[in-house]
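Chains as they are written, first to last, in our numbering: chain Z, 53 to 259; chain F, 16 to 79.
Glycine included, each C-beta is placed from N, C-alpha and C at the ideal position.
Remember, predicted model here, so these are calculated numbers, not experimental data.
These notes are about the structure you will find just below.
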Amino acid sequence: MSTVIVVFIALAAAAALLMAFHAPWTRSREGKMLGFLALFLLPVAAMWGGLSEHMERAESTQFCLSCHVMEDYGHSLYVDDPSYIPAAHFQNNRVARDSACYTCHTDYAMFGTVRAKLRGLRHLQVQYFGTIPKPADIKLYEPYNNRECLHCHQGARKFEAASPHNKNPGLLESIKSNQKSCLSSGCHDIVHDVGSLKDATFWKPGK
Amino acid sequence: MEITPIESRIRLAGLLIGAGLLLALATMLQIHPLAFVTFAVLGCPLICAGVALYLWSLVAAKRE
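The following block contains the structure:
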């Protein structure tokens, strides 16, 4: 998809510049049509395609981790300890590695994607025009909702039948209704934990 | 060949659009937040300005 859009933008740029250097072409009927194509239809389509491509790229792990402040969060995905929830998910392909951040940090609700994009714009504003916080000071906007975990785990045999999830009657239901948090009720509470990475050992892919 | 005022506006529109699209093309070369910001803050406004100038030149041409 990316190559198609790049080629399309290049062709649109060439067409616009061609019209710029041959403006008198617009005196003829064919020239007017060419002008409309090169100076309206193609640029608008190319801009839309470019925006769409950038939006898609913004969902990639590479994009999220390219800000210096997120480097430790990227390292936390390689911690050699299965109790680190993001690391266990990343290393075992429970989430797609090339969109790991976006997979877990998007609300699986009606406007979740829109909200994620708007938050992304805010992150860009802070990154380039604001005061960048320390990695350990970065907090979620709101407590992590079980909905994001259940998007994949609900209905899965391992999740539904796991003994810790069924040790009390009604526990599974309270997890599913977000009354008992997966992450902050003492069960899966080691998340990125970037403050303790100095003492951690790291997994190297392929070894 | 002498260039009319409308054609000079079309020329400027083409240059703005071309510059905006070339900038957009450059931002496609890497996946980085700065590429997105450059696209959104510089590329898109240049393209929009060029398209707006072109459309205005059409409207103005009818009046002239």
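Could you check where the alpha helix (DSSP H) with CYS116 of chain Z kicks off and where it finishes?
-> 113-117
Return helix, strand or coil for PHE181 of chain Z, following the three-state DSSP convention.
-> helix
Chain F contact residues for TYR180 of chain Z, given Cβ-Cβ distances below 9 Å | PRO48, LEU49, VAL52
Using a C-beta cutoff of 9 Å, does MET99 of chain Z count as contacting chain F?
-> yes
Are the stretch 125-137 of chain Z and the stretch 235-246 of chain Z touching, with three or more C-beta to C-beta distances below 8 Å?
-> yes
Measuring alpha carbon to alpha carbon, tell me which of F:LEU49, F:LEU30, F:LEU31 ends up nearest GLY172 of chain Z.
-> F:LEU49
Residue span of the alpha helix (DSSP H) that contains CYS239 of chain Z, given as start and end | Premise fails: CYS239 of chain Z is in no alpha helix (DSSP H) and is neither H nor E.
Does any C-beta atom of chain F lie closer than 9 Å to the C-beta of PRO95 of chain Z?
-> yes
Quick one: what's VAL131 of chain Z bridged to in DSSP?
-> Z:PHE254
Can you give me the Cβ contacts of ALA232 of chain Z inside the same chain, cut-off strictly under 6 Å, excluding the 5 residues immediately before and after it?
-> According to the sequence shown, residue 232 of chain Z is Lys rather than Ala. Only SER226 meet the Cβ criterion.
Please confirm if VAL66 of chain F has its CB atom under 9 Å from at least one CB of chain Z.
-> yes
Return the residue from the list Z:ARG81, Z:ARG79, Z:MET99 that minimises the CA-CA distance to ALA62 of chain Z.
-> Z:MET99
Going by beta carbon distance, what residues of the same chain come within less than 7 Å of SER151 of chain Z, once the five residues before and after it are set aside?
-> GLU111, SER112, THR113
Alpha helix (DSSP H) containing ARG199 of chain Z: first to last residue?
-> 198-205
Thinking just about the alpha-carbon of each residue, which of F:VAL74, F:ALA76, F:VAL66 is nearest to the one in MET71 of chain Z?
-> F:VAL66
Since GLU225 of chain Z is in the alpha helix (DSSP H), which residue starts that stretch and which ends it?
-> 223-228
Which word fits ASN198 of chain Z, buried or exposed, when buried means at least 16 other C-beta atoms lie within 10 angstroms of its C-beta?
-> buried
Confirm, please, whether the CB-CB distance from CYS201 of chain Z to CYS153 of chain Z is below 9 Å.
-> no
Out of Z:ALA161, Z:LEU192, Z:GLN143, state which residue places its alpha-carbon closest to the alpha-carbon of HIS175 of chain Z.
-> Z:LEU192
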